[in-house]
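What follows is a set of notes on a single structure, which appears directly below.
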Amino acid sequence: MGIDSLAQKIRKIPNWPKPGILFHDITPLLQSPQYFRLLVDLLTYRYMQQQIDAVAGLDARGFIIGAALAYQLNVGFVPIRKKGKLPFDTVSQSYALEYGEAVVEIHTDAIKPGDRVLLVDDLVATGGTMQAGVELIRKLGGNVVEACAILEFTDLPGAEKIRASNVPLFTLLQNSGSM
1 MGIDSLAQKI RKIPNWPKPG ILFHDITPLL QSPQYFRLLV DLLTYRYMQQ
51 QIDAVAGLDA RGFIIGAALA YQLNVGFVPI RKKGKLPFDT VSQSYALEYG
101 EAVVEIHTDA IKPGDRVLLV DDLVATGGTM QAGVELIRKL GGNVVEACAI
151 LEFTDLPGAE KIRASNVPLF TLLQNSGSM
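The letter at position 71 of the sequence shown is residue 71 when you use full-length UniProt numbering, and the numbering goes up by one with no holes.
Okay, structure coming up:
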């Protein structure tokens, strides 16, 4: 059971949430104790020597992976949520999705200037959500050590967009069949 075997646990759902989108559902991966442990262990091993101060997870699947990883790294977890979901003072960032527009927010006290932050999500498609997360972390003075995800769609511009903003990107799997 290695990195490539994780792909077997990602369910593909055509035409969801709208026609023409092939949704990659990580729920089966999360439901499998062995595969979920493998995922978290692989990421923990990658980041355990990088002196991370916090793990920031993007709403919503980035919360699952990010929280487990933060626990393993013995650092705090920072949720980056959809607009209107956080109860304290926030900063926000708008972005475009492959099928719409959205806004994400972070608490103003979630990251201190100079904090070394790992940004986590489930996949990188157009890069809008992850880029918005990068901007939020930077607005608070944090340094994005790396952005990471389970899956990168190589036929979409997301990874290129993240790397163009001077943020290293790590993904466990790459896929050229996003649509």
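Think of the CB as a built atom: it goes at the ideal place given N, C-alpha and C, for glycine as much as any other residue.
Backbone secondary structure at residue i - three-state DSSP
i: L86; result: coil
i: I21; result: coil
i: A67; result: helix
i: S5; result: helix
i: P113; result: coil
i: P157; result: coil
Beta strand (DSSP E) segment containing residue i, residue limits
i: T171; result: 169-175
i: L151; result: 143-153
i: L119; result: 116-124
i: P33; result: From DSSP, P33 is part of no beta strand (DSSP E) but of the alpha helix (DSSP H) over 33-47.
i: G100; result: 100-107
8 Å contact criterion, which residue i and residue j should meet: CB distance rounded
i: I26; j: D122; result: 5 Å
i: G76; j: I65; result: Between I65 and G76 the Cβ distance is about 15 Å, and since that is not below 8 Å, they are no contact.
i: V124; j: A159; result: 5 Å
i: I10; j: L151; result: 7 Å
For residue j and residue i, the rounded distance between their alpha carbons
i: M48; j: K12; result: 31 Å
i: F88; j: H107; result: 6 Å
i: L73; j: D115; result: 15 Å
Residue(s) in a DSSP beta bridge with residue i
i: I80; result: L58
i: Q93; result: V104
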